[in-house]
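Peer 1:
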Amino acid sequence: MMAISDWPALERPREKLLARGPGALSDAELLAIFLRTGVTGMSAVDLARSLLADFGGLRALLEAGRSEFCRGRGLGDAKYAQLQAVLEMGRRHLSETLSRGSVMDSPQAVRDFLASRLRHRRREVFACLFLDKQHAVIEYEELFEGTLDAASVYPREVVAAALRHHAAAVILAHNHPSGVAEPSGADIAITGRLREALALVDVALLDHLVVGDGHAVSLAERGLL
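Residues in the sequence shown are numbered consecutively from 93, following our numbering.
Listed below in structure tokens is the structure:
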């Protein structure tokens, strides 16, 4: 087996990334940079390919729980801690992007942020982005967590949270653990109830995003608010 150090320079993952950018790398090459080294008889790239096959892809590996992740060959608590730090930095980067101005100026950043928070959750979670008068983010808060297919959402608690944060507007979001982002009848009904409850305290409901596997559906864009 040829060691990565013996590969032509532009075929080595790290050098390839520096020369051509991260988008030029395969999932296995990106993972190999994270792993840094292989194991006996396997280069870092070979190990990365093996792990991707074992876990069923990059996303499944990144979202694996601690015990499942640590069972992977060449992995362990140190790599798990390192991965969680990298993922959290990504989430915080998205959060800081939102905090720079009005969410109306960056709707894709809103989707990306909410998807990063909710799409991997195995139970249904209902969350809110609380906004000020300029529609800048005040706070993100997860208010309710339900079973795999339902969450009990209480309008008075959403209103209380909006008042606690002195919000002028909110964006609602929840995930569908099934991966299907299509809004249900119940989703549409609770959105109407929340819009009416929030209006009583002069808080505008700007949108409700349903987060599925890799994408989110906007009820505002569907004309369902």
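Don't be surprised by glycine CBs; every beta carbon is placed ideally from N, CA and C.
Can the beta-carbon of F222 be found closer than 8 angstroms to that of A259?
Peer 2: It is a contact, given that the beta carbons lie within the stated cut-off.
Peer 1: Please classify V131 as buried or exposed, where buried requires at least 16 neighbouring CB atoms within 10 angstroms.
Peer 2: V131 is exposed by the Cβ-count criterion.
Peer 1: Roughly how many angstroms lie between the CA atoms of P275 and D305, to the nearest whole one?
Peer 2: Approximately 13 angstroms between the Cα atoms of the pair.
Peer 1: Residues in its own chain within less than 6 angstroms of E155 by CB, not counting five upstream and five downstream?
Peer 2: Correct list, in chain order: H212.
Peer 1: Helix or strand or just coil, what does DSSP make of S310?
Peer 2: DSSP places S310 in strand when its eight states are reduced to three.
Peer 1: By the DSSP assignment, the alpha helix (DSSP H) with V250 in it spans what residues?
Peer 2: Segment 247-256, the alpha helix (DSSP H) holding V250.
Peer 1: Please determine, among S187, A152, Q200, the residue with the shortest C-alpha to C-alpha distance to L175.
Peer 2: The shortest C-alpha separation from L175 is found at A152.
Peer 1: Checking the sheet assignment: what are the DSSP bridge partners for A265?
Peer 2: Its beta-bridge partners are A219, L301.
Peer 1: Between E249 and the rest of its own chain, which residues show a CB-CB distance below 7 angstroms, the 5 nearest in sequence each way excluded?
Peer 2: Same-chain partners within the cutoff: L235.
Peer 1: Between which residues of its own chain and V295 is the CB-CB distance below 7 angstroms, once the five residues before and five after are set aside?
Peer 2: Excluding residues within five positions, the ones whose Cβ falls inside 7 angstroms are A254, A259, A260, A261, V262.
Peer 1: Alpha carbon to alpha carbon, how far is L316 from R287? Give it in angstroms, no decimals.
Peer 2: Each residue's alpha carbon lies about 11 angstroms from the other.
Peer 1: Under the rule that 16 or more other beta-carbon atoms within 10 Å means buried, what is M94, buried or exposed?
Peer 2: Its pLDDT being 49, under 50, M94 is placed unreliably in this model, and the coordinates cannot settle the point.
Peer 1: Measure the alpha-carbon distance for S187 versus F205 and round it to whole angstroms.
Peer 2: Approximately 7 angstroms, taken between the alpha carbons.
Peer 1: Within this structure, are the beta carbons of L203 and E237 separated by less than 8 angstroms?
Peer 2: A small correction: the amino acid at residue 203 is Arg; Leu does not occupy that position in the sequence shown. Against a cut-off of 8 angstroms, the Cβ pair of E237 and R203 comes out as no contact.
Peer 1: Judging by CA-CA distance, which residue of V137, H257, A124, S270 is the nearest neighbour of K225?
Peer 2: Out of V137, H257, A124, S270, H257 has the C-alpha closest to the C-alpha of K225.
Peer 1: In terms of alpha-carbon separation, which member of P199, A252, S208 lies closest to L298?
Peer 2: The option with the nearest alpha carbon to L298 is P199.
Peer 1: Please tell me whether L139 and R163 are closer than 8 angstroms, where the distance is taken between their beta carbons.
Peer 2: No, Cβ-Cβ distance for L139 and R163 is not below 8 angstroms.
Peer 1: In the DSSP output, which residue or residues are listed as bridge partners for A140?
Peer 2: Paired residue(s): none; A140 is not in a bridge.
Peer 1: If you compare alpha carbons, which of P114, L110, V303 is closest to P269?
Peer 2: That would be V303, whose Cα lies nearest to the Cα of P269.
Peer 1: Starting from E231, follow the beta strand (DSSP E) in both directions and report where the run begins and ends.
Peer 2: Its beta strand (DSSP E) spans residues 229-237.
Peer 1: DSSP state of A278, grouped into three classes?
Peer 2: Three-state result, A278: helix.
Peer 1: Along the chain, where does the alpha helix (DSSP H) that runs through V272 open and close?
Peer 2: No alpha helix (DSSP H) contains V272, which DSSP labels as neither H nor E.
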